[in-house]
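Protein chains in written order, with the working numbering: chain A, 1 to 211; chain B, 212 to 422.
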DNA sequence: GTTTGTTGGATAGTGCCGGTATTCAATGCC
DNA sequence: GGCATTGAATACCGGCACTATCCAACAAAC
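Given below as structure tokens:
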């Protein structure tokens, strides 16, 4: 198949595909002549993956590049790819040298320790959580372990389901896709359902009661 | 207090504060003379809120403007403010006229109906969920009700805790802030804990097993 | 009362990001 | 033969969230 067909089937313009190739998100097709190149199913799958990571996961192009580089490296184990993806999801903030931030960060580290979770020291999700603590406290809402418990319970049970879903598949490509889907896309599933559930509960609790 | 002190206490530059005033996110201080204005505690709180919505919630300035406009309108009830916030969170996509999209959207609507959830037809979270379905199916991962059950359970239980947290407070300003914290900031808490839980489970399941 | 600094107001500019558009010559297809 | 497609290179664009600069009017310190 040539690039125009790839464009039709992926739903991306030829320009955009060329752009992704230039940015190193995908190898170029195998040139048949100087001005023709042949693309195959794997290119199509790659584009679908890129599209999912961009449009659903809202990942920057540079992050996707890192993810696919890890994907293609067979020496990278599943858990390391997990790490790469987590890192790509960000946040990409520089921890400010602020006492409130350091305290929040310490709280996060303590929480992880108490839960007995095996999580890298530099996992960006730690910073993300610390950031929420800082913001909540600045707004005058202290964060306690009790507040967090329902979230921890929910997160744990969902994560276990997700890993089981991934573990079932066999060929590396499939497993890797399943893992990325779990981390990036199902995260949005959780977010969307969370918002819908909130609206439902809010409707029952607050609607028709203009407080 | 004048603007420079407001800047110090909020952690935002004077320029940025002026920018937010210009954009209508905050009223200007009460002018004492032509070249002096006085700001008070409410300005500071507003800036902290804006900062939380921008830095933690990653909301665009234009969306924050809509939220604070609803906040300030006492005729807007809590549930309507909830709706405004949900709308601000997006996604702001135009539903493509694609059969796959329509099917996914129909699946979402059916799911919401089956769960008996009271959710507006135009809630953006519906579109977000539909978007994930489309992406998952394009990648070759069908989505079933069974797959979703753990997410629904988790989302529901978390949402109930959140509404209870909001319902306790009394003065409107406090209630409103609590609601925004619940929807926008605690959403990030859930996301962060979800990622941390995933990494933990992944470490136990995949690490030191370079498949 | 002069100097130094701050303020509001206005306008312009910046940096990043994710594409788009354009141009070109070589080539394939009918 | 003539039109469309391709790869490659380069330039350009629009949105966004600031950031910088300038100005005249003041205020405060000395």
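The beta carbon of each residue, even a glycine, is placed where N, CA and C say it ideally should be. The structure presented is a predicted model; accordingly, all values stated were derived computationally and were not measured.
- With at least 16 other beta carbons inside 10 angstroms of its own, residue 417 (chain B) counts as buried.
- If you check each beta-carbon in the region 359-384 of chain B against every beta-carbon of chain A, the ones closer than 8 Å belong to 359, 361, 362, 363, 364, 365, 366, 367, 368, 369, 370, 371, 372, 373, 374, 376, 378, 383.
- Contact between residue 51 (chain A) and residue 12 (chain A) holds, with the beta-carbon distance rounding to 7 Å and staying under 8 Å.
- Just measuring C-alpha positions, the residue of A:54, A:141, A:165 sitting nearest residue 386 (chain B) is A:141.
- Ranking B:259, B:336, B:303 by CA distance to the CA of residue 271 (chain B) puts B:303 first.
- In the three-state reduction of the DSSP assignment, residue 257 (chain B) falls in the helix class.
- Between residue 297 (chain B) and residue 159 (chain A), the C-beta spacing is not below 8 Å.
- Using beta-carbon distances, residue 200 (chain A) counts as an interface residue toward chain B, with a partner under 8 Å.
- Its chain contains 29, 36, 37, 38, 39 as the residues whose beta carbon lies nearer than 8 Å to that of residue 2 (chain A), once the 5 sequence neighbours on both sides are disregarded; these appear in chain order.
- Between the region 284-291 of chain B and the region 303-321 of chain B there are fewer than three inter-stretch CB-CB distances shorter than 8 Å, so the stretches are not counted as touching.
- Residue 36 (chain A) has A:33 as its beta-bridge partners, per DSSP.
- Within the same chain, 263, 264, 267, 268, 270, 296, 300 come within 8 Å of residue 395 (chain B) by CB-CB distance, once the 5 residues on both sides are set aside.
- Close to residue 183 (chain A), with beta-carbon spacing below 7 Å, are these residues of chain B in chain order: 409.
- Spanning the alpha carbons of residue 156 (chain A) and residue 362 (chain B) requires a straight line of approximately 11 Å.
- Of all alpha-carbon atoms in A:116, A:66, A:115, A:130, the one lying nearest the alpha-carbon of residue 94 (chain A) is that of A:130.
- In terms of Cα proximity to residue 113 (chain A), the closest of B:225, B:411, B:277 is B:411.
- A straight line joining the alpha-carbon of residue 165 (chain A) with that of residue 204 (chain A) spans about 34 Å.
- Apart from sequence neighbours up to five positions away, the residues of its chain that approach residue 21 (chain A) with a beta-carbon distance below 8 Å are 27, 28, ordered along the chain.
- In terms of beta-carbon proximity, residue 245 (chain B) stays away from the interface with chain A, with every pair separated by 8 Å or more.
- A straight-line Cα-Cα distance of about 40 Å links residue 389 (chain B) and residue 167 (chain A).
- The beta carbon of residue 221 (chain B) lies closer than 8 Å to those of 228, 255, 258, 259, 262 in the same chain, with the five residues before and after it left out.
- No residue range can be given for residue 308 (chain B), since it is assigned to no alpha helix (DSSP H) and is classified by DSSP as neither H nor E.
- The alpha carbon of residue 359 (chain B) has as its nearest neighbour, out of A:192, A:128, A:170, A:124, the alpha carbon of A:192.
- In this chain, residue 394 (chain B) is not harboured by any alpha helix (DSSP H), its DSSP state being neither H nor E.
- Contact note: residue 399 (chain B) reaches chain A through 128, 132, using a C-beta cutoff of 7 Å and chain order.
- Not a single C-beta of chain B is nearer than 8 Å to the C-beta of residue 114 (chain A).
- Interface annotation for the region 9-40 of chain A against chain B: empty, criterion Cβ-Cβ distance under 7 Å.
- Following the DSSP letters along the chain, one finds residue 71 (chain A) inside the alpha helix (DSSP H) bounded by residues 61-72.
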